[in-house]
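A.B. asks: Here it is, the structure in full.
Protein chains in written order, with this note's numbering: chain A, 1 to 221; chain B, 222 to 764.
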């Protein structure tokens with residue numbers, strides 16, 4: 001199969017991806033230190049860094065949300081069940097037989113159905129929950145002034161910890177999944193340079209396109 | 222489209238750069254600017270005037286130039302000018318040894334039904350040895366001994382007067398005796414004329430030696446505070462602020478600010494800015510409720526954690542303090558005689574007349590919720606001897622808005638109780654009927670209970686007890702402050718025993734932690750197996 005390079009991830013997306021990954025890793029490291037899971041930089045530094053990075057993330061995430069909404073990129077996150085089974089079958093069977101991916105990446109559809117679901121859960125649910133619970137945790141001393149006395153610190157801590165484990169688990173799987181491209185480093189390269197190699201004859205079905213059916217898809221940059 | 226994307230990119234980047242630029246400087250500010258933290262700036266302003274001035278030179282006062290033959294004569298001389306002093310002082314706990322207002326009811330205090338787990342009770346001051354600390358002349362309660370608190374020269378008044386009387390009686394026949402008597406009178410006069418505001422030494426002459434010796438009781442009060450350095454106490458250090466006790470224990474009509482049993486030292490936490498005539502007894506008086514530099518997490522702690530908790534890392538840092546006292550071991554004899562043994566600190570750890578005792582230095586305090594009041598048992602209260610009896614314990618809990626986590630020295634005792642009446646017993650210790658002379662519990666307990674007018678069934682045993690001392694002195698320099706991790710620790714932290722609230726770093730939901738790690742390790746295992754599968758089936762394409 002002949003491969004062609006397509007420009008898949010814009011500069012902002014790549015920048016945001018790596019920035020957010022750095023933020024998340026830093027938050028995981030400092031967060032688990034605050035949780036007394038290990039000792040690295042000291043409790044006080046861990047708390048200070050965690051608070052600062054967490055609040056920074058909250059601000060920076062707003063830009064991402066704005067970007068997703070205004071560029072129409074949010075359509076890449078609309079969940080679907082179509083071809084879902086094929087993707088699941090691919091990762092649990094086809095991949096071992098060297099079969100091609102059933103839903104290859106294209107500019108207009110960079111997420112396969114499984115990714116759509118995972119990233120939607122992540123960006124719209126898990127990360128916001130984590131940010132919200134983290135913000136509440138951080139603002140504990142202001143609860144009374146804000147009329148939030150009914151909140152319970154143990155419960156907020158529980159949600160925040162559960163979220164942390166979920167994100168850590170995602171990170172483990174995510175780090176592995178990036179090796180499943182047509183070469184081990186293909187996905188990583190794409191997220192650095194923006195260019196991903198895909199089969200030339202890959203067809204994008206209408207439903208997969210980020211632009212609604214009936215409209216012309218945007219040409220690649 | 223493209224330009225719009227650049228805008229996001231640029232905006233996010235600017236925002237990030239701003240965060241990166243401001244962040245470290247904020248974080249570093251916490252480390253470096255403690256010198257100008259608001260609480261310290263305020264305290265420096267509050268204590269600026271170091272030179273106290275007075276308009277009287279007591280050595281020039283005619284009333285103090287006369288010959289004094291006895292203590293009460295000195296008192297009379299003082300009162301000839303300070304006409305209201307005695308009346309004021311007679312109303313205070315220092316004179317009454319009872320919390321004012323409780324004289325006709327519970328009689329809370331040393332002279333009442335209160336007891337501890339050291340020498341237990343003064344038996345309503347029947348136990349004469351206790352009166353060594355009562356501010357009268359000798360063991361007499363006839364007149365106030367102003368010199369105890371105001372005298373700046375150390376002198377043994379009882380001996381001085383006794384010797385003077387003796388030499389005076391001989392003086393008519395013996396020139397040398399006359400000279401001796403005159404010498405003593407000069408000494409006495411010199412001491413009487415050297416009066417002033419109470420110093421650490423004045424207060425310490427009783428409060429450092431409570432319980433029968435240096436450092437026995439408090440752990441944060443002993444003779445090392447007579448001339449402490451800043452390392453021992455940042456406020457009282459002679460190489461620093463050199464505060465006297467009364468700098469914080471401010472006084473009104475001879476009532477000295479401080480806790481009295483159940484009566485808290487203060488009911489409101491106010492700074493001098495809120496009330497310029499407030500007692501300076503709280504840390505907040507001078508340091509405010511948010512003393513640390515802005516953004517410092519410690520400012521968020523002050524609603525639930527007392528300043529003392531972090532700023533007094535250990536007690537008894539110079540002299541040892543007594544940690545336990547087991548009266549049930551008293552009465553043993555060696556070769557038919559009472560004996561004593563000393564420990565590594567040179568302190569008695571066994572005395573036949575007192576029992577087994579344990580001393581310690583650099584004691585880590587124990588922590589409890591504390592609203593400023595101490596709940597205590599008296600000799601009239603019934604106890605449950607199957608459990609450790611809290612002779613005194615801090616009042617307050619997590620829900621109490623006035624309560625803070627506060628450091629305490631706990632003194633553990635084993636002391637006699639009445640098996641029938643289920644009350645703690647107050648043995649008489651000194652005197653001919655006292656245990657120290659007779660080593661006879663029956664007699665000492667009978668006499669002791671008689672002095673209180675309380676029954677004794679004759680059947681007694683010993684029960685474990687605790688007695689608490691809130692720690693507020695020996696405030697250490699900031700570089701030795703208790704670190705976050707010493708409390709926010711998974712195991713073995715200072716606050717391990719304090720429950721009823723969630724503390725990050727200490728507490729966790731076991732289930733979430735277990736499930737969480739199962740999920741993470743499960744994911745790891747999953748991807749490893751999946752990866753291995755790809756390698757072995759050659760499904761992985763060439764790199």
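For each residue, glycine too, the CB sits at the ideal point set by N, CA and C.
#1: Could you tell me which whole beta strand (DSSP E) segments of length 3 or greater appear in the stretch 82-128 of chain A?
#2: Counting only Cβ-Cβ distances shorter than 7 angstroms, please list the residues of the stretch 86-114 of chain A near chain B, keeping chain order.
#3: Could you give the distance in angstroms between the alpha-carbon of residue 240 of chain B and the alpha-carbon of residue 11 of chain A?
#4: 8 angstroms is my cut-off, CB to CB: does residue 121 of chain A come that close to chain B?
#5: Of all the CB atoms in chain B, is at least one closer than 8 angstroms to the CB of residue 126 of chain A?
#6: Quick one: does residue 725 of chain B have its CB under 8 angstroms from some CB of chain E?
#7: In terms of residues, what are the limits of the beta strand (DSSP E) holding residue 418 of chain B?
#8: What are the boundary residues of the alpha helix (DSSP H) that includes residue 385 of chain B?
#9: With 8 angstroms as the C-beta to C-beta threshold (strictly closer), list the residues of the stretch 9-24 of chain A near chain B in chain order.
#10: Residue 741 of chain B and residue 38 of chain A - do their beta-carbons sit closer together than 8 angstroms?
#11: So what's residue 3 of chain A in DSSP terms, helix, strand or just coil?
#12: Please list the residues of the stretch 580-602 of chain B that have a C-beta atom closer than 8 angstroms to any C-beta atom in chain A, keeping them in chain order.
#13: Put residue 295 of chain B into one of helix, strand or coil per three-state DSSP.
#14: Apart from the five residues on each side of it in sequence, which residues of its chain come closer than 6 angstroms, Cβ to Cβ, to residue 343 of chain B?
#15: Against residue 521 of chain B, what residues of chain A qualify as contacts under a CB-to-CB distance less than 8 angstroms, listed in chain order?
#16: Closer than 9 angstroms by beta-carbon distance: list the chain A residues that pair up with residue 530 of chain B, in chain order.
#17: At what residue ranges does the stretch 693-734 of chain B contain a whole run of the alpha helix (DSSP H), taking only runs of 4 or more?
#18: Can you confirm whether residue 250 of chain B, when its beta carbon is compared against all beta carbons of chain A, has any partner nearer than 8 angstroms?
#19: To the nearest angstrom, report how far apart residue 572 of chain B and residue 559 of chain B are at their CA atoms.
#20: Helix, strand or coil for residue 592 of chain B? Go by DSSP, reduced to three states.
#21: Among residues of its own chain, excluding the 5 on either side of residue 504 of chain B, which ones have a beta-carbon nearer than 7 angstroms to its beta-carbon?
#22: So with Cβ pairs under 8 angstroms, would you call residue 713 of chain B a contact of chain A?
#23: Can you list, in chain order, the residues of its chain whose CB lies under 6 angstroms from that of residue 537 of chain B, leaving out five sequence neighbours each side?
#24: Taking the alpha carbon of residue 640 of chain B as the reference point, which residue from B:656, B:666, B:739 and B:429 has its own alpha carbon closest?
#25: Measuring only from the beta carbon, is residue 96 of chain A closer than 7 angstroms to any heavy atom that is part of the ligand MG?
#26: Between which two residues does the beta strand (DSSP E) holding residue 632 of chain B run?
#27: Take every Cβ of the stretch 704-712 of chain B, pair it with every Cβ of the stretch 41-59 of chain A, and state whether three or more of those distances are shorter than 8 angstroms.
#28: Going straight from the alpha carbon of residue 745 of chain B to that of residue 86 of chain A, what length do you get?
#29: Using a Cβ cut-off of 8 angstroms, pull out every chain A residue sitting near residue 752 of chain B, in sequence order please.
#30: On the three-pair Cβ rule with 8 angstroms, is the stretch 3-20 of chain A touching the stretch 106-123 of chain A?
#31: Using DSSP's beta-bridge definition, name the partner residues of residue 316 of chain B.
#32: Taking the straight line between their C-alpha atoms, what separation do you get for residue 418 of chain B and residue 373 of chain B?
#33: Between residue 261 of chain B and chain A, is any beta-carbon pair separated by less than 8 angstroms?
#34: In chain order, what residues of the same chain have a beta carbon less than 8 angstroms from the beta carbon of residue 595 of chain B, not counting five sequence neighbours either side?
#35: Just curious, the alpha helix (DSSP H) that residue 518 of chain B is in, first and last residue?
#36: Closest by CA to residue 701 of chain B, which one among B:430, B:450 and B:535?
C.D. replies: Based on what the coordinates show:
#1: Fully enclosed beta strand (DSSP E) runs of 3 or longer: not present.
#2: Listed in sequence order: 95, 96, 97 and 98.
#3: C-alpha separation (whole angstroms): 21 angstroms.
#4: Chain B contact via Cβ: absent.
#5: Chain B, which has no Cβ nearer than 8 angstroms to the Cβ of residue 126 of chain A, makes this no.
#6: Of the protein chains in this structure, namely A and B, none is chain E.
#7: Counted as a single uninterrupted DSSP element, the stretch harbouring residue 418 of chain B is not any beta strand (DSSP E), since DSSP gives it neither H nor E.
#8: 378-392 is the span of the alpha helix (DSSP H), which, as asked, contains residue 385 of chain B.
#9: Those would be 10, 11, 12, 15, 16 and 19, in chain order.
#10: Not closer than 8 angstroms, so no.
#11: Residue state, collapsed to three classes: strand.
#12: Only those residues of the stretch 580-602 of chain B whose C-beta falls short of 8 angstroms from the nearest C-beta of chain A would be listed, and there are none.
#13: The answer is helix: DSSP assigns residue 295 of chain B an H, G or I state.
#14: Apart from the 5 residues on each side of it in sequence, residue 343 of chain B sits with its Cβ closer than 6 angstroms to the Cβ of 331 and 351 in its chain, given in chain order.
#15: Within chain A, the residues near residue 521 of chain B are 140 and 141.
#16: Residues of chain A with a Cβ closer than 9 angstroms to the Cβ of residue 530 of chain B do not exist; the shortest Cβ-Cβ separation is about 16 angstroms.
#17: The stretch 693-734 of chain B is shown to contain whole alpha helix (DSSP H) runs of 4 or more residues at 705-708, in chain order.
#18: Confidence is the limiting factor: at residue 250 of chain B the pLDDT is only 45, short of 50, which leaves the residue's position unreliable, though a coordinate-based value still follows. Output row for residue 250 of chain B: interface = no.
#19: The C-alpha of residue 559 of chain B is placed about 8 angstroms away from the C-alpha of residue 572 of chain B.
#20: If DSSP states are grouped into helix, strand and coil, residue 592 of chain B belongs with coil.
#21: Closer than 7 angstroms at the Cβ level, and outside the excluded window around residue 504 of chain B, lie 528.
#22: At a cut-off of 8 angstroms between C-beta atoms, residue 713 of chain B does not count as an interface residue with respect to chain A.
#23: Same-chain partners within the cutoff: 440, 582 and 584.
#24: Distances from the alpha-carbon of residue 640 of chain B to those of B:656, B:666, B:739 and B:429 put B:666 closest.
#25: Ligands displayed in this structure: none; no statement on the ligand MG is therefore possible.
#26: Segment 625-639, the beta strand (DSSP E) holding residue 632 of chain B.
#27: In this structure the stretch 704-712 of chain B lies against the stretch 41-59 of chain A, because at least three pairs of beta carbons, one per stretch, are closer than 8 angstroms.
#28: Just so you know, the alpha carbons of residue 745 of chain B and residue 86 of chain A end up roughly 24 angstroms apart.
#29: By Cβ distance, chain A contributes 176 and 179.
#30: At 8 angstroms Cβ cutoff, the stretches touch.
#31: Partner(s): none; residue 316 of chain B has no beta bridge.
#32: Cα to Cα, the separation comes out at about 9 angstroms.
#33: Among the residues facing chain A, residue 261 of chain B is not included, as its CB has no counterpart in that chain under 8 angstroms away.
#34: So the qualifying residues of the chain are 480, 482, 483, 613, 614, 615, 616, 689 and 691.
#35: Looking at the DSSP string, the run of the alpha helix (DSSP H) that includes residue 518 of chain B is 518-522.
#36: That would be B:535, whose Cα lies nearest to the Cα of residue 701 of chain B.
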